[in-house]
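Inspection log for the structure reproduced underneath, given as structure tokens.
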Amino acid sequence: MRQVGIIAAAGLYAVQNNIERLAEDHENARLLAEGLNALPLFNIEMDRVQTNIVIVNITNENTSVEILEKMKEVAVWAVPFGPKKIRFVAHLDVSREDCREALERLKNLFG
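Residue 122, in the working numbering, is where the sequence shown stops; the numbers in between run on with no holes.
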């Protein structure tokens, strides 16, 4: 992997300067995971939600790209993580209120 030091530097900075904030990101990810898991379209292995990353399994015939296109309509952004998986990430620029708002939009869209 080229320039791995740049990636490592970001992680090192976060640990040295934002360690308290990382815990908040983990809590926000848990909130997001619980809310997404309540929607019939998604299934999450909740025991795997231990950091700020949430991997969502799609339970119907749609692909991750199709679901993400629908999510764009309500301004909720995530990335594909395979044909039937989506990855959400809570980070410094995502507040608890942002997570709640995203869940409400997705509930209205898919619920």
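Just so you know, even glycine gets a beta-carbon here, dropped at the ideal spot from N, CA and C. All of these numbers come straight from a predicted model, not from anything done at the bench.
>> Would you call the region 77-89 in contact with the region 31-49, where contact means no fewer than 3 C-beta pairs closer than 8 angstroms?
In response: With contact defined as three or more Cβ pairs closer than 8 angstroms, the region 77-89 and the region 31-49 are not in contact.
> Are the Cβ atoms of V85 and L117 separated by less than 9 angstroms?
Replying inline: On the sequence shown, position 74 is the one that residue 85 refers to. On the sequence shown, position 106 is the one that residue 117 refers to. Closer than 9 angstroms, so yes.
> Does the separation of the CB atoms of L103 and D58 fall below 9 angstroms?
Replying inline: Numbered from 1 along the sequence shown, position 92 holds the residue referred to as residue 103. Numbered from 1 along the sequence shown, position 47 holds the residue referred to as residue 58. No.
> Which residues bound the alpha helix (DSSP H) around N28?
Replying inline: Your numbering for residue 28 matches position 17 in the sequence shown. Per DSSP, N28 belongs to the alpha helix (DSSP H) from 15-28.
>> Quick check on K96: does DSSP put it in helix, strand or coil?
In response: Residue mapping note: residue 96 aligns to position 85 of the sequence shown, counting from 1. If DSSP states are grouped into helix, strand and coil, K96 belongs with the strands.
> Among the residues of its own chain, which have a CB less than 8 angstroms from the CB of V105, if the five just before and after it don't count?
Replying inline: Residue mapping note: residue 105 aligns to position 94 of the sequence shown, counting from 1. Around V105: D36, N39.
> Between N68 and P51, what straight-line distance do the alpha-carbon atoms span, to the nearest angstrom?
Replying inline: Within the sequence shown, numbered from 1, the residue matching residue 68 stands at position 57. Within the sequence shown, numbered from 1, the residue matching residue 51 stands at position 40. Distance from the CA of N68 to the CA of P51, rounded to the nearest whole angstrom, comes to 11 angstroms.
>> If distances are taken between C-alpha atoms only, which option among P91, E115, L33, V15 comes closest to Q61?
In response: Within the sequence shown, residue 61 is the residue found at index 50, counting from 1. Measuring from the Cα of Q61, the nearest candidate turns out to be L33.
> Distance, Cα to Cα, V90 vs I97?
Replying inline: Residue mapping note: residue 90 aligns to position 79 of the sequence shown, counting from 1. Residue mapping note: residue 97 aligns to position 86 of the sequence shown, counting from 1. Distance between the alpha carbons of V90 and I97: 6 angstroms.
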